[in-house]
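Peer 1:
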Amino acid sequence: MNKEKTKEIIKPGWHKLIDKAYAITDMLSFAEIKDITTNHSMLQIHFDSALDNSQQYVLDCISYKIERESAKICEECGLNGFRRKDILHSPCLCTVCYTIQYNEKMESVSPQVTNQEPQ
Ligand SMILES: [Zn+2]
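Numbering (the numbering used here), first residue to last: 1 to 119.
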């Protein structure tokens with residue numbers, strides 16, 4: 001999977017984290033990205049396994065660090081956010097994106113509101 005294909009799947013707020021992961025692979029000869037997915041609304045970088053234990057440790061630390069960062073970055077816009085447990089799948093959102101999604105959700109489940117008195 002390449003960087004552009006990954007960005008088609010992952011929401012735009014996390015694209016900088018994807019760039020960061022690929023920048024790391026440019027610096028470390030043993031770091032090769034196998035896949036990028038989301039798990040529990042956090043970004044997961046999957047590296048090819050390294051042959052060397054210390055190299056594997058470095059790769060695991062990088063994955064962990066990026067995962068923790070994604071838990072604090074709005075997946076829609078990239079501002080500071082946190083996981084919103086009252087929306088299905090607990091997306092990580094800033095206040096503005098959260099409000100938009102929350103309103104959309106409420107509009108889809110609420111009866112139509114009108115200013116007419118009930119008949
Ligand atoms: Zn946002």
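Cβ coordinates follow ideal geometry from the N, Cα and C atoms, glycine included.
Taking the C-alpha atoms as reference points, what is the distance between ILE29 and ILE18?
Peer 2: Indexing the sequence shown from 1 puts residue 29 at position 29. Indexing the sequence shown from 1 puts residue 18 at position 18. Here residue 29 is Ser; the residue named in the question, Ile, does not match the sequence. If you take the alpha carbons of SER29 and ILE18, they lie about 18 Å apart.
Peer 1: Would you mind listing the beta strand (DSSP E) stretches within the region 7-92 that are 3+ residues and don't spill past its ends, in chain order?
Peer 2: 33-39, 42-47
Peer 1: What do you reckon, are the CB atoms on GLY13 and ILE73 nearer than 8 Å?
Peer 2: For the purposes of this step, residue 13 is taken as the residue at position 13 of the sequence shown. For the purposes of this step, residue 73 is taken as the residue at position 73 of the sequence shown. The answer is yes: Cβ separation under 8 Å.
Peer 1: Between which two residues does the alpha helix (DSSP H) holding MET106 run?
Peer 2: As a first step, residue 106 is located in the sequence shown; it is residue number 106 there, counting from the start. Its alpha helix (DSSP H) spans residues 95-109.
Peer 1: Please look up how many angstroms separate the CB atoms of ASP23 and ILE33, rounded, as I've assumed it's under 8 Å.
Peer 2: Translated into positions along the sequence shown, residue 23 becomes position 23. Translated into positions along the sequence shown, residue 33 becomes position 33. Looking at the sequence provided, one finds Ala at residue 23 rather than Asp. With 8 Å as the limit, ALA23 and ILE33 do not qualify as a contact, their Cβ atoms being about 11 Å apart.
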